[in-house]
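Under the working numbering, the sequence shown has 802 at position 92, and the numbering climbs by one with no breaks. No residue lacks a Cβ here, since even glycine has one placed at the ideal position from N, Cα and C. Owing to the predicted nature of the structure, the values given are computational and were not obtained by experimental measurement. A quick write-up on the structure given underneath.
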Amino acid sequence: MKVGIDRIGFYTSKWYVDMAKLAKARNEEPGKYLIGIGQSKQSVIPNSQDAVTMAANAADQIIDDRNRDQIDLVLFGTESGVDNSKSAAIYLQHLLQLRSNIQSVELKQACYAMTAGIQLAKDHVLAHPESKVLVIGSDIARYGLHSAGEPTQGGGAMAMIISANPKILTIEEPSAHYTADIMDFWRPLYATQAVVDGKYSSQEYIDFFDRTLTEYQAKTQTKLSDLQAIVFHLPYTKMGLKALKSVLSKTDDRHATQLLREFEYSRIFSREVGNLYTGSLYLSLLSLLVNSENLKSGQKIGLFSYGSGAEGEFYVTTLQPGFETAIGGDKVKHLLEDREELSITEYEAMFNSQMPLSADDFTTHTQIDSAKFYLAGQKDQQRQYQRRKV
Ligand code: COA
């Protein structure tokens, strides 16, 4: 039985900051952010959006009356959890009006958790062929104003339906994994912003890519030239380019040029949004599917997932007939084109306006946010999620 990605949804905030202007404000050369880091714009997330509402806004695009009641499992990958105990998946299940006789859980392993969700969903569908699984990756990447990581912030959510006979991509067996206990990026319980050793994490990322790709090739006898494209987790788009370049000597010049060309398509959206953490790899995949003019059904796409701390996985998917009509590319392009630019002062104010970690009641700036699902604030220590009537 073929199992894989049947539908893909994406959401990010309607506000962004221009990276050339941010560079100037931080006394850096614009070329450092635009080329050296590879980012043009960065999504700025208002206090009326969090991991739950962004997930709901992404999932709402791929759930309708035909598939709603077939969803029997929700797997919510995030490292921006809103509660130390209650799962973000429960809030989501309620907001999306999914059935009550289903399973809903949150998964955590830094930026790797959505991949874990996809692979668990695949196994669930293999055991229950009628099932459809909703898998989420939703995060806000925050390193802090004036920090080295500031140009690699961003935020947003990816949502997928994993099912039998998928319309977009099948997920092939096996995968290759590598896991090691390292301290390259983490967020202690007291902190709202990540602690990162950026240079070390970049080295480890490439090492994990090399290890998982090598193991994948040994397990499957796959040659690099069997892959039409490789898409990467993109904490910043230059990271993926560095990893890709590290393996190009293993293929011929024509194929190396092809992989570089496809990589450029795969980084268009991340360049405009920034880091999504769990969803980042899948925004690259969506960007490739929407923007590349070279894709055909039957072609294979390699995916490299990396979550600091750290866990890596390399796996392969196969494009399905008619995938072009199933991806809804125009919606994504409109979402990105219709955003509003913030000045640096406005960006800093929005960044600093996040709901505080306290027991106090709080009201968010819902009047400026037109998204269908939003966080109205906190009352009696309970998050107040709302669905706008549209
Ligand atoms: N024009 C073009 N490129 C320029 C430039 C200019 N004017 N000025 C600098 N650069 C290049 C540098 O050569 C460097 O390229 P390289 O990485 O290929 O060597 C790049 O811009 C970044 O410069 P650097 O001095 O290394 O930046 P930094 O010390 O401020 O740190 C990060 C950059 C990415 C390490 C930092 O933003 C970070 O830690 N981000 C978070 C990392 C992360 O997300 N880790 C998780 C991985 S999963």
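Residues of its chain near PHE1061, where Cβ-Cβ distance is below 7 Å and the 5 sequence neighbours each way are ignored: Position 351 of the sequence shown, counted from the start, is the residue given in the question as residue 1061. Here the set comprises VAL754, LEU855.
What separation, rounded to the nearest whole angstrom, lies between the Cα atoms of ARG809 and THR967? If you number the sequence shown from 1, residue 809 lands on position 99. If you number the sequence shown from 1, residue 967 lands on position 257. Straight-line Cα distance between these residues: approximately 48 Å.
THR924 to GLY1019, Cα distance in whole Å? Along the sequence shown, one-based indexing puts residue 924 at 214. Along the sequence shown, one-based indexing puts residue 1019 at 309. One C-alpha to the other measures close to 21 Å.
Does GLU972 pass the burial test, meaning 16 or more other C-beta atoms within 10 Å, or should it be called exposed? The sequence position of residue 972 within the sequence shown is 262, counting from 1. By the 10 Å Cβ count, GLU972 comes out buried.
For MET729 and LYS1043, what's the separation of their Cα atoms in angstroms? As a working mapping, residue 729 is identified with position 19 in the sequence shown. As a working mapping, residue 1043 is identified with position 333 in the sequence shown. Cα to Cα, the separation comes out at about 19 Å.
Taking ALA735 as part of the alpha helix (DSSP H), name the residues at either end of that continuous run. Numbered from its first residue, the sequence shown carries residue 735 at position 25. That run of the alpha helix (DSSP H) goes 729-735.
Heavy atom of the ligand COA less than 8 Å from the Cβ of ALA953, yes or no? In the sequence shown, counting from the first residue as 1, residue 953 sits at position 243. ALA953: no, Cβ never under 8 Å from the ligand COA.
Start-end ranges of the beta strand (DSSP E) lying completely within the segment 729-786, minimum 3 residues: For the segment 729-786, whole beta strand (DSSP E) runs of length 3 or above, ordered along the chain, are 751-754.
Taking Cβ positions only, does GLY714 come closer than 9 Å to chain B? No chain B is present in this structure, which holds just one protein chain.
Work out the CA separation of GLN1077 and CYS821 for me, nearest whole Å. The sequence position of residue 821 within the sequence shown is 111, counting from 1. The sequence position of residue 1077 within the sequence shown is 367, counting from 1. One C-alpha to the other measures close to 31 Å.
With 16 other CB atoms within 10 Å as the buried threshold, where does GLN759 fall? Locating residue 759 in the sequence shown gives position 49, counting from the first residue. GLN759 comes out buried.
State yes or no: is the C-beta of VAL957 nearer than 8 Å to some heavy atom of the ligand COA? Position 247 of the sequence shown, counted from the first residue, corresponds to residue 957. At a threshold of 8 Å, VAL957 does not count as near the ligand COA, since its beta carbon sits no closer than that to any of the ligand's heavy atoms.
To the nearest angstrom, report how far apart MET711 and GLU840 are at their CA atoms. In the sequence shown, residue 711 corresponds to position 1, counting from 1. In the sequence shown, residue 840 corresponds to position 130, counting from 1. Cα-Cα distance, rounded: 12 Å.
Look up ASP1079 in the DSSP assignment and say whether it is helix, strand or coil. Here residue 1079 refers to the residue found at position 369 of the sequence shown. Coil at ASP1079, not helix or strand.
Can you tell me whether GLU982 is buried or exposed, with buried defined as 16 or more other CB within 10 angstroms of its CB? The count along the sequence shown starts at 1 and reaches residue 982 at position 272. GLU982 should be labelled buried.
Can you tell me which of ASP1048, TYR992, PHE1014, ARG1097 puts its alpha carbon nearest to the alpha carbon of GLY719? Here residue 719 corresponds to residue number 9 of the sequence shown, with the count starting at 1. Of the residues ASP1048, TYR992, PHE1014, ARG1097, the one whose Cα lies closest to the Cα of GLY719 is TYR992.
Classification of GLN1030 by the beta-carbon crowding that lies within 10 angstroms, buried from 16 upward: Here residue 1030 is taken as the residue at index 320 of the sequence shown, counted from 1. GLN1030 comes out buried.
Using only the heavy atoms of the ligand COA, determine whether one of them is closer than 8 Å to the beta carbon of THR825. Residue mapping note: residue 825 aligns to position 115 of the sequence shown, counting from 1. Not so, every heavy atom of the ligand COA lies at least 8 Å from the Cβ.
Shorter than 8 Å, the distance from the beta carbon of HIS965 to the closest heavy atom of the ligand COA, or not? The sequence position of residue 965 within the sequence shown is 255, counting from 1. Not so, every heavy atom of the ligand COA lies at least 8 Å from the Cβ.
Put VAL905 into one of helix, strand or coil per three-state DSSP. Residue numbering aside, residue 905 sits at position 195 when the sequence shown is read from its first letter. Strand at VAL905.
For GLY746, collect the residues of the same chain with a Cβ closer than 7 Å to its Cβ; drop the 5 residues on either side in sequence, then sort them by chain order. For the purposes of this step, residue 746 is taken as residue 36 along the sequence shown, with counting starting at 1. Sequence-distant Cβ neighbours of GLY746 in its own chain, meaning closer than 7 Å and more than five residues away, are LYS948.
Measuring only the C-alpha atoms, how far is GLY748 from GLN1096? Numbered from 1 along the sequence shown, position 38 holds the residue referred to as residue 748. Numbered from 1 along the sequence shown, position 386 holds the residue referred to as residue 1096. Approximately 36 Å, taken between the alpha carbons.
What is the DSSP secondary structure of VAL713, counted as helix, strand or coil? On the sequence shown, residue 713 is found 3 positions in, with the first residue counted as 1. In the three-state reduction of the DSSP assignment, VAL713 falls in the strand class.
Just mark GLN803 as buried or exposed, buried being the case when its beta carbon has 16 or more other beta carbons within 10 Å. The residue given as residue 803 occupies position 93 in the sequence shown. A residue is called buried once 16 or more other Cβ atoms fall within 10 Å of its Cβ, and GLN803 is buried on that count.
Does at least one heavy atom of the ligand COA sit under 8 Å from the Cβ of GLU789? Here the question's residue 789 lines up with position 79 in the sequence shown. Incorrect: GLU789 has no Cβ contact closer than 8 Å to the ligand COA.
Using DSSP bridges, identify the partner residues of ALA867. Indexing the sequence shown from 1 puts residue 867 at position 157. Answer is TYR721, SER848.
Starting from LEU991, follow the beta strand (DSSP E) in both directions and report where the run begins and ends. On the sequence shown, position 281 is the one that residue 991 refers to. Premise fails: LEU991 lies in the alpha helix (DSSP H), 990-1001, not in any beta strand (DSSP E).
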